[in-house]
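Here the structure is laid out as structure tokens; the discussion comes afterwards.
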Amino acid sequence: MVVEFYRNRKKSVNLLLILSGVLVLMLLILLYSSGLISDRVIAKGIAFSSIASVILAIIIIKTLISLTDKSPLIVLAPEGITAKVTAVSKAAGLILWEDIDDIQLHKVGGDTLVALIINNSEPYSAKIRKKLSSMALEKDQDLHIYMTASVLDINAEELFDQVNAYKKTASSL
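Here the sequence shown stands for residues 10 to 182, where the numbers follow the working numbering.
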């Protein structure tokens with residue numbers, strides 16, 4: 010039996026609206042800092058707001074593109090879990106149940122993340138390093154792969170419960 014979790018369009022659109030609002034704010038800071046609104050040029054304001062604006066624009070474009078993707082973001086299968094909700098979880102690919110030591114909830118900022126603690130980290134670390142070349146991963150340590158439920162139809166606690174229950178049933182097979 011395979012369990013799939015899909016994107017919640019309403020949550021994704023709300024996230025887009027928030028990001029767009031922050032982008033507009035950054036553009037206003039850029040206009041103010043460049044002297045178009047005031048008669049002063051503020052170099053630090055220009056640098057900060059232009060970098061933040063470019064990053065936000067990229068995130069908004071990627072989010073708009075991802076809205077067209079109708080595939081499941083998390084798939085629980087008898088062999089393991091596949092997730093596309095964070096860059097690291099996407100890069101890791103299929104994570105086998107026998108490689109998952111523990112599953113935990115972590116509160117990070119305003120989000121709650123489901124953390125998969127991987128005991129056999131080398132095959133996953135190699136894939137993550139290959140796809141995310143700037144990722145620094147410690148050797149010979151448990152690998153933590155985080156998943157967010159911020160764009161899913163369920164919350165993090167429900168995702169945590171379902172992943173734990175599925176792992177128990179998959180391990181007993």
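Note that the Cβ used here is the ideal one computed from N, Cα and C, for glycine as well. All values reported here derive from a predicted model rather than from experimental measurement.
Residue i, buried or exposed, once every other Cβ within 10 Å from all chains shown has been counted against 16
| i | result |
| --- | --- |
| R49 | exposed |
| R18 | exposed |
| V123 | buried |
| S130 | buried |
| I154 | buried |
Proximity below 8 Å, CB of residue i to CB of residue j
| i | j | result |
| --- | --- | --- |
| N173 | I126 | no |
| V12 | Q171 | yes |
| V160 | V94 | yes |
| L114 | E167 | no |
| P81 | F169 | no |
| I38 | V97 | no |
| A179 | K140 | no |
| K176 | I109 | yes |
| I69 | S29 | yes |
| P156 | A92 | According to the sequence as given, residue 156 is Met; it is not Pro. In contact: M156 and A92 (Cβ atoms closer than 8 Å). |
Beta bridge counterpart(s) of residue i as assigned by DSSP
| i | result |
| --- | --- |
| K116 | T121 |
| G89 | L105 |
| M35 | None, per the DSSP bridge assignment. |
| L26 | The partner list for L26 (beta bridge, DSSP) is empty, contrary to what the question assumes. |
| L152 | I127 |
| V12 | L85 |
| L161 | R16 |
| D111 | I126 |
Short CB-CB distance (under 8 Å) between residue i and chain B
| i | result |
| --- | --- |
| A135 | Absent from the structure: chain B. Only one protein chain is present. |
Close-in-space but distant-in-sequence residues of the same chain around residue i (CB under 8 Å, 5 per side omitted)
| i | result |
| --- | --- |
| L73 | L25 |
6 Å CB neighbourhood of residue i in its chain, flanking five on each side removed
| i | result |
| --- | --- |
| K20 | V160 |
| I90 | I104 |
| N164 | A158 |
| A61 | M35 |
Same chain only: Cβ atoms within 7 Å of residue i, ignoring 5 sequence neighbours per side
| i | result |
| --- | --- |
| L59 | Note that residue 59 is Ser in the sequence shown here, rather than Leu. Excluding positions up to five away in sequence, the list reads L39. |
| V31 | L65 |
(request) Kindly confirm or deny that the region 38-52 and the region 12-28 touch, where touching means at least three C-beta pairs closer than 8 Å. (result) Output reads no: the region 12-28 does not touch the region 38-52.
(message) So, does the region 60-73 touch the region 97-107, judging by three or more C-beta pairs under 8 Å?
(response) In short, these stretches do not touch, since the Cβ pair count stays below three.
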